[in-house]
Amino acid sequence: MRVTIADVARLAGVSKATVSRVLNGRPDVDRATQARIEEIMAETGYVPSSRAVDLARGRTRTVGVLAPTLRTPWMPELLQGVADVVEPSGYGLLLHSAAGGAPALERFAANVRGHAVDGVLAIDPGMALEHLRDLHRQGLPVVVVNTGGSRVPLPSVGADYADGGRRAAELLLAAGRLRLAMITGPVEEHSGAACADGFADRLTGTGAVLRASHVTEADGTEQGGYDAVQRLLRARLFFDGLFAHGDLMAAGALRALQEAGRQVPGEVAVVGFGDLPPAAYTLPPLTTVRVPWAEMGAAAARALIDRLRGEPVADDPVDFETSLVSRGSTPAVGRIPGQRSRRTARSAELPAF
1 MRVTIADVAR LAGVSKATVS RVLNGRPDVD RATQARIEEI MAETGYVPSS RAVDLARGRT
61 RTVGVLAPTL RTPWMPELLQ GVADVVEPSG YGLLLHSAAG GAPALERFAA NVRGHAVDGV
121 LAIDPGMALE HLRDLHRQGL PVVVVNTGGS RVPLPSVGAD YADGGRRAAE LLLAAGRLRL
181 AMITGPVEEH SGAACADGFA DRLTGTGAVL RASHVTEADG TEQGGYDAVQ RLLRARLFFD
241 GLFAHGDLMA AGALRALQEA GRQVPGEVAV VGFGDLPPAA YTLPPLTTVR VPWAEMGAAA
301 ARALIDRLRG EPVADDPVDF ETSLVSRGST PAVGRIPGQR SRRTARSAEL PAF
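So in full-length UniProt numbering, spot 293 of the sequence shown is number 293, and the numbers just go up one at a time.
Listed below in structure tokens is the structure:
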């Protein structure tokens with residue numbers, strides 16, 4: 001049977017806390033007691049568990065992950081990127097969703113206050129940002145995955161969402177599409193504002209038109225994209241190019257256009273955003289702006305693990321580039337900056353953090 005710390009304490013005639021202090025090199029144990037405990041450990045072959053030693057030293061070997069919701073279509077890819085780095089590093093993951101509002105955030109805060117995690121990786125922390133900033137100032141390692149585009153006052157990893165919008169506009173312009181429509185996502189998905197700004201900026205001075213009447217909001221789902229295009233068509237609004245701030249919404253838009261007899265890409269060119277796995281299997285396959293969600297999660301996790309190990313890490317934010325993945329929902333055009341072939345779209349290398 002495996003010898004336990006309780007066995008060592010009983011044989012030495014001391015408490016388990018005293019044995020623990022010896023294991024951790026604490027100076028508040030007299031030399032005779034320390035020598036007796038060490039002798040008994042050697043005689044019995046006692047091997048302390050790394051988990052017990054970590055707990056005694058105030059470490060849990062656990063990383064807390066705070067996500068705004070688990071329903072966002074790109075969240076699984078991002079979390080997989082986090083897990084691919086954290087788990088091989090010997091840490092566990094404690095996942096919290098803030099979708100429950102204030103009560104959910106309070107449960108997360110209670111875990112942090114109770115030292116249930118060694119560090120926090122926060123995905124678009126929203127209301128929790130100031131609290132995390134205070135914890136970071138107090139010495140808790142914190143890294144943010146920034147899905148909003150605007151800077152946060154913490155070490156962060158994000159993407160250039162505005163540039164993604166510019167790339168979508170560039171492709172539609174190259175295809176000769178001048179009467180454009182746009183489906184924005186839910187207001188809480190802050191990357192959409194940056195996408196819209198980048199898209200509109202690129203259209204300036206080109207002769208292309210994006211009227212306010214041609215911009216409609218959806219809920220991020222395929223059904224939401226379908227309903228958005230139905231609204232545009234019922235209003236008899238003409239458009240020959242469409243940019244949707246999410247691949248699922250773009251897939252719904254394709255279905256609505258097909259049901260209405262509008263040919264894609266002949267009559268309407270459609271560009272999505274995200275390059276989620278389903279994008280390659282729509283009919284026609286969806287041209288989209290690729291955001292490297294898994295790579296972003298991995299980079300944020302690597303930065304957090306480095307901090308936990310005491311390694312020097314720069315506090316400067318890291319922004320990944322977006323790229324175009326051209327498929328069948330847009331006409332073939334000459335190569336434009338940032339465009340990737342279908343085969344190499346997922347082979348981006350991680351930048352050094």
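We put the CB at the ideal spot given by N, CA and C, even for glycine.
Please classify residue i: does DSSP put it in a helix, a strand, or coil?
{"i": "D239", "result": "Residue identity differs from the one stated: residue 239 is Phe in this sequence, not Asp. The answer is coil: DSSP assigns F239 none of H, G, I, E or B."}
{"i": "R36", "result": "helix"}
{"i": "S326", "result": "coil"}
{"i": "T62", "result": "strand"}
{"i": "E349", "result": "Any reading at E349 is ruled out, since the residue's pLDDT is 35, under 50, leaving its predicted position unreliable."}
{"i": "V112", "result": "helix"}
{"i": "T184", "result": "strand"}
{"i": "H96", "result": "strand"}
{"i": "A175", "result": "coil"}
{"i": "L55", "result": "Summary for L55: the model assigns pLDDT 48, below 50, so the residue's position carries little reliability, and this model does not support an answer."}
{"i": "S15", "result": "coil"}
{"i": "G198", "result": "helix"}
{"i": "R262", "result": "coil"}
{"i": "T221", "result": "coil"}
{"i": "R290", "result": "strand"}
{"i": "T44", "result": "helix"}
{"i": "V152", "result": "coil"}
{"i": "V3", "result": "coil"}
{"i": "D163", "result": "helix"}
{"i": "G246", "result": "coil"}
How many Å lie between residue i and residue j at the Cα?
{"i": "R309", "j": "A280", "result": "40 Å"}
{"i": "V271", "j": "V143", "result": "31 Å"}
{"i": "R57", "j": "T4", "result": "Note that R57 has pLDDT 48, beneath the 50 cutoff, so the model's placement of it is unreliable and the number below is only indicative. Cα to Cα, R57 sits roughly 18 Å from T4."}
{"i": "L283", "j": "L180", "result": "21 Å"}
{"i": "E349", "j": "A298", "result": "Note that E349 has pLDDT 35, beneath the 50 cutoff, so the model's placement of it is unreliable and the number below is only indicative. The straight-line gap from Cα to Cα measures roughly 11 Å."}
{"i": "H245", "j": "G224", "result": "11 Å"}
{"i": "P277", "j": "W293", "result": "12 Å"}
{"i": "V29", "j": "V22", "result": "7 Å"}
{"i": "H214", "j": "D197", "result": "15 Å"}
{"i": "F239", "j": "L70", "result": "34 Å"}
{"i": "V157", "j": "M296", "result": "6 Å"}
{"i": "R10", "j": "D315", "result": "49 Å"}
{"i": "P103", "j": "L94", "result": "17 Å"}
Out of the options, point me to the one whose CA is closest to residue i's CA.
{"i": "S89", "options": "L304, D315, P141 and T322", "result": "L304"}
{"i": "A175", "options": "V268, R36 and T33", "result": "V268"}
{"i": "D7", "options": "E222, R236 and T44", "result": "T44"}
{"i": "S323", "options": "V333, T287 and A235", "result": "T287"}
{"i": "G13", "options": "V29, T33, R21 and L23", "result": "T33"}
{"i": "T206", "options": "Y161, P27, R166 and Q138", "result": "R166"}
{"i": "L121", "options": "A300, S326 and D306", "result": "A300"}
{"i": "V86", "options": "R61, L248 and A99", "result": "R61"}
{"i": "residue 429", "options": "D219, A235 and D275", "result": "Limits of the chain in this structure are 1 at one end and 353 at the other, which puts residue 429 out of reach."}
For residue i, decide whether its Cβ has a neighbour in chain C, counting only Cβ atoms nearer than 8 Å.
{"i": "G45", "result": "Protein chains in the displayed structure number just one, and chain C is not present."}
Report yes if the C-beta of residue i is less than 7 Å from at least one heavy atom of the ligand GDP; otherwise report no.
{"i": "A332", "result": "Ligands in the displayed structure: none, and consequently the ligand GDP is not present."}
The alpha helix (DSSP H) spanning residue i covers which residue range?
{"i": "L304", "result": "W293 to L308"}
{"i": "D84", "result": "M75 to V86"}
{"i": "D134", "result": "L129 to R137"}
Assuming residue i and residue j form a contact by the criterion Cβ under 8 Å, report the distance between their Cβ atoms to the nearest whole angstrom.
{"i": "L105", "j": "G119", "result": "The Cβ separation is near 18 Å, so there is no contact."}
{"i": "V152", "j": "V117", "result": "Contact flag wrong, Cβ pair sits at about 19 Å."}
Check for me: the beta strand (DSSP E) holding residue i runs from which residue to which?
{"i": "L121", "result": "G119 to I123"}
{"i": "A269", "result": "A269 to G274"}
{"i": "D319", "result": "V318 to F320"}
{"i": "V145", "result": "V142 to N146"}
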